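Quick note on the numbering used here: the sequence shown kicks off at 14 and runs consecutively.
The next block holds one structure in the form of structure tokens; read it before the comments.
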Amino acid sequence: MLTVANHTFVIPQRSGFVISDLGFLPTICRGDCACIVHIEPPAHIRTSTPAWIQQRLQFDLVLMDPPWGNKSATRSSAYDCMDNGKTLSEIPLKRLVSPGGLVAVWVTNKPRLHTLVRERIFRAWDVEPVAEWVWIKVTNDGVPVIPLDNVHRKPYECLIIGQRRRTATTAEMNAHCDQPALPASKVIVSVPSRHHSQKPFIHNLLGRYIGKGIGKDAGGAGMPQRLELFARQLMPGWRSWGNEAIRFNDKGWLAELAQ
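Right, here's the structure in full:
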């Protein structure tokens, strides 16, 4: 548990977070470190640069939900909208993603954004598009929240997944791994959250398709390294970075289940 300004946050095991604007990422990747708040087991607060940043850790999976602009956008003003992709292109993913690692980016159903991510942003990150999954939003009765033939809005969003080229070392590491092949297409059906822009929790699902990883956890054991950018909820075994990185870890948003 972490208590800040009369709010109590539930911090999952084997996790860490940075609360800052993503514009700070290039500075971090150069090693010009400043003060950040970070939590890692055993729970304590540090006002210095987290070890996983100091070590220039590379990640095997990076998930992000950028604040794409749209006419009905009511998402928190914590981020500026980035329709032109310039801010995303400047994120130094080449340094953050391990060879063979996956990058998954949520996009709306605008064709222009799909082209932007595939042809401009992924190219800037040295990432090759390998899959596109679709999330269909339905009501509790299993009916699409918006008719599929609606001209102006659609009941689905897409997750475009790219992969960095493997090196000989990472290819050998994963040659004997029994991980399943990443599906080029997949349909996810769920009832959307009442919180604007919150996506389904696919963290564990994506985790099936990454290799053994090249990083180390806090105890020195090898394990896949996973990072979420523009995060609003910290998940077990993940690092989260964003202006609202633990917003939905607040106990006020959570329900305690009976044992």
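Just so it is clear, CB atoms sit at the ideal spot from N, CA and C, and this is done for glycine as well.
None of the values given here were measured: they were computed from a predicted structure.
Distance CB(residue i)-CB(residue j) smaller than 9 angstroms
i	j	result
L247	I104	no
Q211	R166	no
V273	V118	The requested residue 273 does not occur in the structure, where the chain is confined to residues 14 to 272.
Q238	D73	yes
T152	V143	no
V147	S102	no
L76	I259	no
Q176	G114	yes
H209	F261	no
C-alpha gap between residue i and residue j, whole angstroms
i	j	result
W266	M14	14 angstroms
T100	Q71	20 angstroms
I32	P196	33 angstroms
I137	W81	Before going on, a small fix: residue 137 reads as Ala here, not Ile. The alpha-carbon atoms of A137 and W81 are separated by roughly 18 angstroms.
P168	P124	15 angstroms
I173	P79	12 angstroms
V17	F30	15 angstroms
Beta-bridge partners of residue i, as assigned by DSSP
i	result
A117	L76 and I174
D263	F22
R239	L74
G255	I32
K150	S203
V140	R177
G110	The residue asked about is misnamed: residue 110 is Val in this sequence, not Gly. Beta-bridge pairing links V110 to F72.
P193	Note: P193 sits in no beta bridge, so no partner.
L247	L247 pairs with nothing; no bridge assigned.
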